[in-house]
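Undergrad: Below: one structure in structure tokens.
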Amino acid sequence: MSKVLFAAKPQAWDDYEHPLSDAFAKAGLSVDLSRSHAAAETDYIVFAPNGPLRDFAPYVKAKAVLSLWAGVETIVGNPTLTQPLCRLVDPGLTRGMVEWVTGHVLRHHLGMDAHILGQDGIWRDGISPPLAAERPVTLLGIGALGAACGQALAALGFAVTGWSRQPKDVANLRCLHGADGLQEALRDAQVVVTLLPQTADTQNILNARTLALLAKGAFVINPGRGPLIDDEALLAALDSGQIAHATLDVFRREPLPVDHPFWAHPRVTVTPHIAATTRPATAARIIAENVRRGEAGLPFLNVVDRQLGY
Ligand SMILES: NC(=O)c1ccc[n+]([C@@H]2O[C@H](COP(=O)([O-])OP(=O)(O)OC[C@H]3O[C@@H](n4cnc5c(N)ncnc54)[C@H](OP(=O)(O)O)[C@@H]3O)[C@@H](O)[C@H]2O)c1
Numbered sequence: 090m091s092k093v094l095f096a097a098k099p100q101a102w103d104d105y106e107h108p109l110s111d112a113f114a115k116a117g118l119s120v121d122l123s124r125s126h127a128a129a130e131t132d133y134i135v136f137a138p139n140g141p142l143r144d145f146a147p148y149v150k151a152k153a154v155l156s157l158w159a160g161v162e163t164i165v166g167n168p169t170l171t172q173p174l175c176r177l178v179d180p181g182l183t184r185g186m187v188e189w190v191t192g193h194v195l196r197h198h199l200g201m202d203a204h205i206l207g208q209d210g211i212w213r214d215g216i217s218p219p220l221a222a223e224r225p226v227t228l229l230g231i232g233a234l235g236a237a238c239g240q241a242l243a244a245l246g247f248a249v250t251g252w253s254r255q256p257k258d259v260a261n262l263r264c265l266h267g268a269d270g271l272q273e274a275l276r277d278a279q280v281v282v283t284l285l286p287q288t289a290d291t292q293n294i295l296n297a298r299t300l301a302l303l304a305k306g307a308f309v310i311n312p313g314r315g316p317l318i319d320d321e322a323l324l325a326a327l328d329s330g331q332i333a334h335a336t337l338d339v340f341r342r343e344p345l346p347v348d349h350p351f352w353a354h355p356r357v358t359v360t361p362h363i364a365a366t367t368r369p370a371t372a373a374r375i376i377a378e379n380v381r382r383g384e385a386g387l388p389f390l391n392v393v394d395r396q397l398g399y
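Sequential numbering of the sequence shown, starting at 90, is according to my numbering.
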């Protein structure tokens with residue numbers, strides 16, 4: 090019987106205990122799932138960064154650390170972590186991100202705010218938004234989340250460009266990569282969506298220079314991580330009109346401090362890191378599949394590259 094330690098925040102136990110137990114049973118696994126296994130006897134660690142576990146060194150027998158989060162920037166550099174680290178690619182989380190990104194892109198594309206916030210008795214007809222095909226959208230990051238968002242936006246008719254580190258081929262997307270590709274991906278884009286991991290290479294990827302490449306009056310949508318954006322550069326670009334609106338879900342400090350200028354800015358929308366949450370039922374199946382693989386001696390899914398940081 091495999092001993093699986095649940096090391097997320099205590100409140101999450103109620104959400105995950107049954108989905109994980111069910112998923113282990115459906116995968117034909119014999120698992121003892123607990124919040125209190127002795128470190129030296131633990132076979133797998135189901136982990137979330139907001140849980141209690143910081144020191145992985147005593148888990149000498151653990152075959153893998155299975156993250157409940159997609160982003161691993163707070164754990165990937167932990168020097169006590171020697172076990173394989175698997176990040177989460179959860180179909181439920183992916184669908185949630187597709188819905189959040191699509192909703193916010195459509196909000197800006199259709200100019201919904203003008204009608205929702207400006208209902209003043211004046212009949213302003215004769216103004217219609219361009220069609221999606223006339224609205225270039227760029228996704229920085231076309232991994233599990235970015236590629237799914239890109240395909241949904243392309244299915245709506247948007248002209249979608251995706252940018253990654255390595256060359257990629259994602260159906261219905263113009264795919265670019267690397268430093269040269271970044272310039273081309275951003276040039277004249279009217280919407281940019283950042284779905285990159287937080288690494289040394291992606292810090293401040295949206296800065297004064299790269300924001301200036303976008304079309305005048307572009308929209309920035311960041312559900313990736315706060316440090317992807319140089320906050321001061323974004324505020325300057327908003328004030329100059331280079332950026333018409335920024336919809337931000339993630340921040341350098343979370344919760345976003347009450348005195349941060351983003352809160353009060355009339356052309357910034359703040360959402361509290363809710364773009365896409367892990368869905369226990371679908372996530373549990375992925376965790377169970379990785380335990381099954383570990384027990385069968387097969388390679389784990391979604392192993393993080395420590396050097397790359399994602
Ligand atoms: N706000 C929320 O609720 C929420 C929820 C979940 C996740 N997230 C964030 O979303 C991020 C993306 O998740 P994911 O599952 O899609 O990750 P992923 O599958 O690892 O995809 C990451 C993408 O970023 C690209 N990339 C990484 N470093 C790069 C670099 N230096 N230059 C160019 N491209 C680079 C990768 O390129 P390659 O394809 O070439 O490797 C890949 O396309 C997570 O790391 C997390 O921070 C936010």
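The C-beta atom is built at its ideal place from N, Cα and C for all residues, glycine as well. Given the structure is predicted, the values throughout are model-derived calculations rather than measurements.
#1: Using only the alpha-carbon positions, how far apart do Met90 and Tyr105 sit?
#2: Are the beta-carbon atoms belonging to Ala304 and Ala278 less than 8 Å from one another?
#3: Measure the CB-CB distance between Leu118 and Val380 and report whether it falls below 8 Å.
#4: For my contact list, Ala101 and Phe136 are in at a C-beta cut-off of 8 Å; report their separation, rounded to the angstrom.
#5: Enumerate in chain order the residues of its own chain whose CB-to-CB distance from Leu220 is below 8 Å, with the five nearest sequence positions on each side excluded.
#6: Can you check whether the CB of Thr336 is closer than 8 Å to the CB of His63?
#7: In its own chain, which residues sit with a C-beta less than 7 Å from the C-beta of Val190, not counting the 5 before and 5 after it?
#8: Distance, Cα to Cα, Glu223 vs Val280?
#9: Taking the runs of the alpha helix (DSSP H) that are 4 residues or longer, which of them lie wholly in the stretch 185-248?
#10: Should Asp209 be labelled buried (16 or more other beta-carbon atoms within 10 Å of its own) or exposed?
#11: If you measure between the beta carbons of Leu174 and Trp158, is that distance less than 8 Å?
#12: May I ask which residues mark the beginning and end of the beta strand (DSSP E) holding Arg263?
#13: Enumerate in chain order the residues of its own chain whose CB-to-CB distance from Thr358 is below 6 Å, with the five nearest sequence positions on each side excluded.
#14: Who pairs with Ile134 in a beta bridge, going by DSSP?
#15: Compute the distance between the beta-carbons of Asp111 and Lys92, then report whether it is under 8 Å.
#16: Nearest-angstrom Cα distance between Leu262 and Ala146?
#17: Going along the chain, which unbroken runs of the alpha helix (DSSP H) with 4 or more residues stay wholly within the stretch 303-337?
#18: At the level of alpha carbons, what is the spacing between Leu155 and Asp132?
#19: Would you say the beta carbon of Thr288 comes nearer than 7 Å to a heavy atom of ligand 1?
TA: Let me spell this out:
#1: 19 Å
#2: yes
#3: yes
#4: With a Cβ gap of about 11 Å, Ala101 and Phe136 do not count as contacting.
#5: Gly246
#6: As shown, the chain starts at 90 and ends at 399. That puts residue 63 outside it, with no answer to give.
#7: Cys238, Val282, Ile310, Pro312
#8: 12 Å
#9: 201-206, 233-244
#10: exposed
#11: no
#12: 263-266
#13: Thr336
#14: Leu94, Val154
#15: no
#16: 43 Å
#17: 320-329
#18: 11 Å
#19: yes
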